[in-house]
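So the structure is just underneath, and the comments pick up after that.
Right, here's the structure in full:
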């Protein structure tokens with residue numbers, strides 16, 4: 031039986047939707063027993079039917095095949111043809127030089143693309159190697175791979191769940207599902223059926239999922255899915271079938287390659303046609319074809335693109351963004367929508383008390399995250415004096431003491447050890463100098479603790495004060511506390527819980543909920559004898575206050591969202607959290623600012639077709655309670671509507687969407703290895719504002735690549751036109767103004783080095799005020815093509831004139847070719863200062879890029895070696911020029927740049 035058939039068989043057996051049924055019914059459907067599990071014989075038979083409990087293997091990428099693949103580049107193919115012709119015509123130096131260029135370009139492209147596919151391997155590493163399973167009525171430890179549907183598994187705190195299970199027992203059981211669902215806190219589990227087949231993954235509270243971790247309590251569960259039939263397996267399948275989209279830069283370079291090849295073939299055809307018409311020698315025409323093919327192709331383009339992207343990626347690392355895929359660096363500059371996770375990216379991932387109601391008075395709580403610095407401020411702006419605010423002091427003392435979390439210092443920063451929500455209460459108390467340790471110093475004793483239970487939804491502690499008084503202090507869900515309360519503490523007095531007071535408390539709870547705050551109530555009860563019912567200790571308690579808690583937005587996020595908006599980039603929140611919380615955060619940070627910006631849930635998406643989804647994504651601001659498949663659909667819908675989508679994520683559940691997005695962005699601190707391996711960019715600080723900075727860098731990189739393209743292609747047009755002018759203007763016996771190696775030298779050395787320095791140009795002042803480029807925008811948009819042709823033809827013409835003048839003066843062919851060679855080199859050095867601006871060189875200081883000045887100086891030095899040394903004479907066929915000829919060539923070479931730039935300055939013609 032094939033793997034897919036085994037998975038299908040297992041999925042069909044699990045079609046009962048296990049979370050909706052009692053555990054007994056689930057066990058019966060799977061031919062198991064919720065108390066004794068499977069027999070060894072039955073398990074062996076099932077293992078043969080459904081296969082081992084592991085994720086499917088994927089084939090790796092062959093390095094050899096990948097390297098060979100690089101030679102399919104159209105630019106390299108035409109150069110290889112040129113090398114072959116050179117070798118055939120016994121121009122061995124030319125053939126070797128061109129072959130080296132081809133090999134280096136292929137090698138650099140190979141190194142850029144070769145990455146081991148680690149995503150599924152990382153998923154496997156998250157799986158448990160061993161598991162406790164009940165076989166033949168006995169608990170045994172077996173390899174996790176041998177688990178089959180129907181097996182009864184046992185769990186304790188610290189265990190990794192080895193398969194998808196339906197819990198049959200749960201004692202204070204909590205599971206960390208953040209990597210799978212996006213939930214920031216451990217989820218309390220129970221064993222009761224849930225009457226909703228379509229409930230989202232995060233709300234299946236009686237289910238456990240493969241690769242998630244038990245954080246508290248103990249439990250047992252029946253395996254309902256193994257291997258690829260688990261939720262993690264489903265994600266692995268989505269990842270395996272997801273395709274990495276081509277980046278906008280790759281698409282543009284491919285289009286450019288086709289244009290260059292068409293131009294090269296067209297020019298070669300024209301020249302050969304002229305040669306045949308004029309009766310030229312076949313060998314001479316082949317030499318000319320080689321020169322033209324070399325002249326028409328910017329050999330350094332793949333290399334320079336890689337180098338510029340690498341330089342940009344290094345700048346990004348300095349700003350806490352690590353690019354795993356070089357081609358994605360530029361994609362950021364094209365991004366039109368950022369799909370951002372909420373927890374830890376837009377928010378601090380640190381639960382914080384934001385608002386407190388104590389004894390009838392409401393306080394806003396300042397501060398940031400787990401930092402114990404902050405204040406309690408009332409509605410009139412008065413800061414609380416904890417010595418005078420008795421109700422608040424007592425509430426915070428209870429909050430700090432009835433608590434299992436601790437405030438610690440980690441890596442020099444405040445942190446919480448324990449449950450983040452409990453930690454928020456500890457931090458709130460610390461802001462006014464209160465803590466459990468301080469109460470213990472005053473001889474407050476713990477007599478008995480009643481831990482949190484998912485059924486009671488409360489935690490309480492029996493405490494004894496130094497004067498002998500006994501108190502039960504408690505915290506829990508407000509609705510649960512109210513049901514058990516006999517009164518409410520208001521303004522320093524106990525009040526009976528009348529309908530009026532109950533309505534007042536419920537109004538506070540509703541107000542906090544409307545602010546997307548999670549609520550936690552604080553209560554107490556005093557007894558004279560210290561006797562509390564261990565089965566039900568929280569009887570007749572007194573409510574003293576309510577905390578409003580949330581994971582607040584990062585302080586810098588609102589400004590970053592505004593910067594993105596001004597740059598024409600939408601921000602959309604896609605989260606596993608509840609819609610109310612997500613919408614409140616989105617409104618606070620400026621993601622949702624208008625009524626027509628919509629909020630959608632995963633349940634709504636399930637009812638939509640892909641076409642319907644494409645209709646809502648342009649106006650959507652928030653997608654809440656979503657699954658991995660929802661995220662994937664959202665990204666695809668955005669791409670289908672023409673968006674260039676960046677997707678952030680940190681969990682296993684984000685991996686398929688990270689791979690499919692135009693650029694996947696993973697969290698470097700909180701992110702799983704699966705998410706990081708699936709992403710193109712990793713945020714080293716998990717901060718949304720870092721993405722916006724990276725977008726600016728991506729735009730700067732693309733601008734600089736365009737500057738390089740302009741510089742390089744102007745040189746190519748100049749070289750081709752120099753030869754064309756010779757063929758068209760010199761009559762029946764034209765001479766070659768430039769040799770193939772002279773052209774290679776210009777492309778790679780004298781022009782290539784300064785052009786590369788354009789990659790260090792600073793970002794233009796208005797770079798984040800522009801709208802994103804369209805995904806299909808041509809690389810020659812904005813008049814670039816016209817500027818390249820006009821400047822290139824002008825340089826080619828003066829280079830031909832230099833060559834013709836050398837012949838007119840009776841100088842040798844080598845000297846005339848050297849004059850053309852020197853002229854075209856000088857012309858490109860003048861032109862590089864104009865290529866670095868969209869206006870003219872008169873409006874931009876030549877000293878703004880020191881590396882460009884150094885590159886020009888280096889190019890001049892190397893060119894002097896090429897012209898004035900025996901080695902240069904031997905390799906390139908040059909001769910030494912007199913000072914008179916050298917200065918003349920330099921003057922003529924300056925004319926195209928200065929005259930055309932002057933005309934552009936006067937008349938404002940963009941095509942110049």
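Numbering (my numbering), first residue to last: 31 to 942.
Idealized CB from N, CA, C, for every residue including glycine.
Using the beta-carbon count (16 or more within 10 Å), is residue 706 buried or exposed?
Under this definition residue 706 is a buried residue.
Using CA atoms only, rank isn't needed, just tell me which of 573, 207, 192 and 592 is closest to residue 944.
Nothing about residue 944 can be read from this structure; the chain reaches only from 31 to 942.
List the whole-angstrom C-beta distance separating residue 389 from residue 550, where the pair is believed to meet the contact cut-off of C-beta under 8 Å.
Contact flag wrong, Cβ pair sits at about 16 Å.
Nearest to residue 345 by CA position, among 720, 894 and 832, is which residue?
Per the Cα distances, 720.
Any contact of the region 689-696 with the region 290-300, i.e. 3+ C-beta pairs under 8 Å?
As far as the Cβ criterion goes, the region 689-696 does not touch the region 290-300, which means the pair count is below three.
Give me the Cα-Cα distance between residue 669 and residue 675, rounded to the nearest whole angstrom.
Their Cα atoms are separated by approximately 7 Å.
Tell me whether residue 519 sits in a helix, a strand or coil according to DSSP, three-state version.
Strand at residue 519.
Which word fits residue 381, buried or exposed, when buried means at least 16 other C-beta atoms lie within 10 angstroms of its C-beta?
Classification of residue 381: buried, given that the 10 Å Cβ count is 16 or more.
Can you tell me whether residue 792 is helix, strand or coil according to DSSP?
DSSP places residue 792 in coil when its eight states are reduced to three.
Measure from the alpha carbon of residue 71 to the alpha carbon of each residue in 181, 880 and 646, then state which is nearest.
With distances taken between Cα atoms, residue 71 lies closest to 181.
Is the beta carbon of residue 546 less than 9 Å from the beta carbon of residue 587?
No, they are not a contact pair.
Less than 9 Å separating the beta-carbons of residue 837 and residue 360?
No, these two residues do not count as a Cβ contact at 9 Å.
So what does DSSP say about residue 588, is it helix, strand or coil?
It is helical.
What residues are listed by DSSP as bridge partners for residue 526?
Note: residue 526 sits in a beta bridge opposite 517.
Residue range of the beta strand (DSSP E) that residue 1002 falls in?
Because residue 1002 is not part of the residues shown, which for the chain are 31 to 942, the question remains open.
Give the DSSP-derived three-state secondary structure of residue 922 in the structure shown.
Helix at residue 922.
What residue from 192, 625, 505 and 584 has the CA that sits closest to residue 578's CA?
The residue with the shortest Cα to Cα distance from residue 578 is 505.
Assuming residue 185 is part of the alpha helix (DSSP H), what are its boundary residues?
First-last for residue 185: 182-186, but that is the beta strand (DSSP E), not the alpha helix (DSSP H).
Between which two residues does the beta strand (DSSP E) harbouring residue 479 extend?
Element bounds for residue 479: 475-483.
Give me the Cβ distance between residue 224 and residue 50, rounded to the nearest whole Å; I'm assuming they're in contact under 8 Å.
With a Cβ gap of about 6 Å, residue 224 and residue 50 count as contacting.
Measure the CB-CB distance between residue 456 and residue 465 and report whether it falls below 9 Å.
Cβ distance < 9 Å, so residue 456 and residue 465 count as in contact.
Judging by CA-CA distance, which residue of 624, 673, 658 and 636 is the nearest neighbour of residue 647?
Minimum Cα distance to residue 647 is reached at 673.
Which ranges does the alpha helix (DSSP H) cover as unbroken runs of at least 4 residues, wholly within the region 684-751, from first to last along the chain?
DSSP runs (the alpha helix (DSSP H)) wholly in the region 684-751: 685-690 and 703-708.
Contact defined as beta carbons within less than 8 Å: I believe residue 358 pairs with residue 710. What is the distance between those atoms, to the nearest angstrom?
That belief holds up - the Cβ atoms of residue 358 and residue 710 are roughly 4 Å apart, short of 8 Å.
List the endpoints of the continuous beta strand (DSSP E) containing residue 243.
Counting along the chain, the beta strand (DSSP E) containing residue 243 begins and ends at 243-255.
Which residues in the same chain as residue 543 place their Cβ atom closer than 8 Å to its Cβ, once the five residues preceding and following it in sequence are excluded?
Result list for residue 543: 549 and 610, in chain order.
Taking a contact to mean a Cβ-Cβ separation below 9 Å, would you say residue 960 touches residue 179 in this structure?
Since the first residue shown for the chain is 31 and the last is 942, residue 960 is missing from the structure and cannot be characterised.
Since residue 939 sits in a beta bridge, which residues does DSSP pair it with?
Looking at the DSSP assignment, residue 939 forms no beta bridge with any residue, so it has no partner.
Can you say whether residue 439 is buried or exposed, counting buried as having 16 or more other CB atoms within 10 angstroms of its CB?
By the neighbour-count rule (16 or more Cβ atoms within 10 Å), residue 439 is not buried but exposed.
Please report the distance separating the alpha-carbon of residue 69 from that of residue 240.
Rounded to the nearest angstrom, the two C-alpha atoms are 22 Å apart.
Measure how close the beta-carbons of residue 662 and residue 686 come, nearest whole angstrom, since I'm counting them as under 8 Å.
That belief holds up - the Cβ atoms of residue 662 and residue 686 are roughly 5 Å apart, short of 8 Å.
For residue 453, report the span of its beta strand (DSSP E) as first-last.
First-last for residue 453: 450-460, but that is the alpha helix (DSSP H), not the beta strand (DSSP E).
Just to confirm my understanding: we take residue 671, look at its own chain, exclude 5 residues before and 5 after, and list those with CB closer than 7 Å. What are they?
Around residue 671: 644, 647 and 648.
Can you find a heavy atom of the ligand HEM that lies under 8 Å from the Cβ of residue 160?
With respect to the ligand HEM, the structure offers nothing, as it holds no ligand at all.
Decide yes or no for the touch test of the region 882-893 against the region 810-828: beta carbon pairs closer than 8 Å, at least 3 of them.
Cβ pair count under 8 Å is below three, so no.
Do the CB positions of residue 583 and residue 378 come within less than 9 Å of each other?
Closer than 9 Å, so yes.
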